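One structure is given here, and the rest of the page talks about it.
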Amino acid sequence: MTVDDLEKVSEPGPPRRSDPVRLVARTLGELLITAGILVLLFVVYQLVWTNVQADREAAHETAVLQQQWVEQPTPKEFARPLRQGKAFALMYIPRLGKKYEVPVVQGVALDDLSKGVGHYPSSALPGRVGNFAVAGHRATNGEPFAYLDQLQAGDAVVVETSTTWYTYVVDAGYIVAPTQVEVVAPVPNDPQAVPTERLITLTTCNPRWDSYERLIFNGALVAQQPKSEGRPAALGG
Amino acid sequence: MYPWIWRHLPGPTAARVVVALALVALVVAALFLWVFPWVEPFLPFTDVTVDESATGVSLTGS
Chain A
1 MTVDDLEKVS EPGPPRRSDP VRLVARTLGE LLITAGILVL LFVVYQLVWT NVQADREAAH
61 ETAVLQQQWV EQPTPKEFAR PLRQGKAFAL MYIPRLGKKY EVPVVQGVAL DDLSKGVGHY
121 PSSALPGRVG NFAVAGHRAT NGEPFAYLDQ LQAGDAVVVE TSTTWYTYVV DAGYIVAPTQ
181 VEVVAPVPND PQAVPTERLI TLTTCNPRWD SYERLIFNGA LVAQQPKSEG RPAALGG
Chain B
1 MYPWIWRHLP GPTAARVVVA LALVALVVAA LFLWVFPWVE PFLPFTDVTV DESATGVSLT
61 GS
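First to last, the protein sequences are chains A and B. Going by this note's numbering, the first sequence opens with residue 1, and the numbers climb by one from there. Going by this note's numbering, the second sequence opens with residue 1, and the numbers climb by one from there.
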């Protein structure tokens, strides 16, 4: 039965005449149902589609980077200039899964963060004196830091670059206001200090499905080894 | 609105169904490719960095 048929049933007799009240009520109903469907579609987009897209981009970035490491090895660690939106390292967090591997992309704009975790461009490089600071999504867009809250003091965060494995160990996480940029300072929470240690900072939103706070983990480098020596102990090397 | 569109689709019912489904697919594709990505930064899920200008409703998403 088509819509035409329905209308024939409901409006028998003489030629159809538009009743303005009916027309308005029906159009309003249609608009409301349409709005409901739009919202549901947006939920599908956020919860499913952004993750599908981001997982694909992250896999692509990882593959490109690993291929580059194999095919164009450089004795110097960061021989190529870092490019916005391009991966330059891989991050492993054993607490979040044995297979947990996410590309570290230069930049913290939305486009960068949908490919992995993003490196604050003004922060130190991995393994260097200062603070290697990264941000990651906790909900939608690949959500690499979805379960970052499960990280405990003493857990390892391993970073792989073109030449080196770096093993950091984090302290207990804490929650700050979104404006507290001092957590990514060269010496976290002491913006004036001159760095002497090699540190790492992870930032993500808190609570998971909102963003009025940030969840922060600071950590320090405890070990490093050239890749020729194999995987580090923290990854079961 | 929808009956009006239906009446203006050409051809027999079968053809109208095909055209209607194509229209729906087109609208959904436009939503996923352009409209939703544009709306997304206005929601809080993507604010994950610390930032001097950051608020709970940051429009830059940074």
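We put the beta carbon where it would ideally sit given N, CA and C, even for glycine. None of these values were measured; they are calculated from a predicted model.
Looking at the structure shown, is residue i part of a helix, part of a strand, or coil, going by DSSP?
i: Phe145 of chain A; result: coil
i: His137 of chain A; result: coil
i: Asn218 of chain A; result: strand
i: Leu193 of chain A; result: According to the sequence provided, residue 193 of chain A is Ala. The question's Leu does not apply to it. Ala193 of chain A: coil per DSSP, three-state reduction.
i: Phe132 of chain A; result: strand
i: Pro12 of chain B; result: coil
i: Trp6 of chain B; result: helix
i: Trp209 of chain A; result: coil
i: Thr201 of chain A; result: strand
i: Glu71 of chain A; result: helix
Just to confirm, is the Cβ distance from residue i to residue j under 9 Å?
i: Ala234 of chain A; j: Ala156 of chain A; result: yes
i: Ala124 of chain A; j: Pro73 of chain A; result: no
i: Thr201 of chain A; j: Thr46 of chain B; result: no
i: Lys115 of chain A; j: Ala58 of chain A; result: yes
i: Lys76 of chain A; j: Thr164 of chain A; result: no
Output the distance between the C-alpha atoms of residue i and residue j, rounded to the nearest integer angstrom.
i: Glu229 of chain A; j: Thr203 of chain A; result: 30 Å
i: Pro44 of chain B; j: Glu213 of chain A; result: 11 Å
i: Ala89 of chain A; j: Glu160 of chain A; result: 6 Å
i: Asn131 of chain A; j: Val183 of chain A; result: 9 Å
i: Ala29 of chain B; j: Val35 of chain B; result: 9 Å
i: Val19 of chain B; j: Leu9 of chain B; result: 7 Å
i: Phe42 of chain A; j: Leu33 of chain B; result: 12 Å
i: Asp190 of chain A; j: Ala79 of chain A; result: 31 Å
i: Arg128 of chain A; j: Glu101 of chain A; result: 21 Å
i: Pro178 of chain A; j: Gln68 of chain A; result: 36 Å
i: Pro144 of chain A; j: Val27 of chain B; result: 30 Å
i: Glu71 of chain A; j: Ala87 of chain A; result: 16 Å
i: Val48 of chain A; j: Gly36 of chain A; result: 18 Å
i: Pro126 of chain A; j: Tyr166 of chain A; result: 7 Å
i: Ala185 of chain A; j: Leu82 of chain A; result: 20 Å
i: Leu31 of chain B; j: Val187 of chain A; result: 44 Å
i: Ser62 of chain B; j: Ala133 of chain A; result: Because Ser62 of chain B carries a pLDDT of 34, less than 50, the predicted location of this residue cannot be relied on, and the following value inherits that uncertainty. Distance between the alpha carbons of Ser62 of chain B and Ala133 of chain A is about 14 Å.
i: Arg138 of chain A; j: His60 of chain A; result: 20 Å
On the criterion of 16 or more Cβ atoms from any shown chain inside 10 Å, does residue i qualify as buried, or is it exposed?
i: Thr13 of chain B; result: exposed
i: His119 of chain A; result: buried
i: Pro1 of chain B; result: The sequence given here has Met at residue 1 of chain B, not Pro. Counting Cβ neighbours within 10 Å, Met1 of chain B comes out exposed, since fewer than 16 surround it.
i: Ser122 of chain A; result: exposed
i: Val52 of chain A; result: exposed
i: Val117 of chain A; result: buried
i: Phe42 of chain B; result: exposed
i: Ala172 of chain A; result: exposed
Residues bridged to residue i by DSSP?
i: Gln180 of chain A; result: According to DSSP, Gln180 of chain A bridges with nothing at all.
i: Ala89 of chain A; result: A:Val104
i: Gly173 of chain A; result: In the DSSP output, where bridge partners are listed per residue, Gly173 of chain A has none listed.
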